[in-house]
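Student: Numbering-wise, the numbering used here puts 56 at position 70 of the sequence shown, and it's gapless, one number per residue.
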Amino acid sequence: MLISVVKSKIHRVKVTGADLNYIGSITIDQDLMDAANIIEGERVQIVNNNNGERLETYAILGERGKGEIILNGAAARKVAVGDVLILITYAMMKLKKAKKFKPSIVFPNEETNLLN
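See the structure below:
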């Protein structure tokens, strides 16, 4: 049996941009992606603490060290610049492994979205 467990979490980052005219996705600072063990193209669940929206898209690399969190395409309608988000990815694994698995959880600076 396989179960879905939290693989990565970036806890409390602020939206820095919203680009409705982009194809889709969420742009995430590459330092945050590396720290959270998220890869380009990976499915990301987005939880908006400001309005309760939950949506899914895929990650694309943002410029390293800029703290970018940009919602692109239709997802841009679900956020406002300055909203606080939680970004979560999941992995499928066997129950025995899942019981021992430790997710990568990142707590960036809430003002800059950068790692301390």
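We put the CB at the ideal spot given by N, CA and C, even for glycine.
(1) Counting along the chain, where does the alpha helix (DSSP H) carrying Leu41 start and finish?
(2) Leaving out five residues before and five after Asn99 in sequence, what residues of the same chain have Cβ atoms less than 8 angstroms from its Cβ?
(3) Rounding to the nearest angstrom, what Cα-Cα distance links Val92 and Gln31 in this structure?
(4) For the pair the segment 25 to 44 and the segment 63 to 70, tell me if three or more CB-CB distances fall below 8 angstroms.
(5) Could you compute how far the alpha carbon of Ile(-11) sits from the alpha carbon of Ala84?
(6) Here's the rule I'm using: 16 or more other beta-carbon atoms within 10 Å means buried, otherwise exposed. How should Leu73 be labelled?
(7) Please report how far the alpha carbon of Gly48 lies from the alpha carbon of Ser11, in whole angstroms.
Tutor: Per the coordinate set shown:
(1) Per DSSP, Leu41 belongs to no alpha helix (DSSP H); it is in the beta strand (DSSP E), Arg40 to Gly48.
(2) Val(-1), Lys0, Thr2, Asp15, Leu18, Gly53, Glu54 and Ile55
(3) 15 angstroms
(4) The answer is yes - the segment 63 to 70 touches the segment 25 to 44, with three or more Cβ pairs under 8 angstroms.
(5) 8 angstroms
(6) Leu73 counts as buried, since at least 16 other C-beta atoms from the protein chains shown sit within 10 angstroms of its C-beta.
(7) Take the alpha-carbon of Gly48 and the one of Ser11: they are about 11 angstroms apart.
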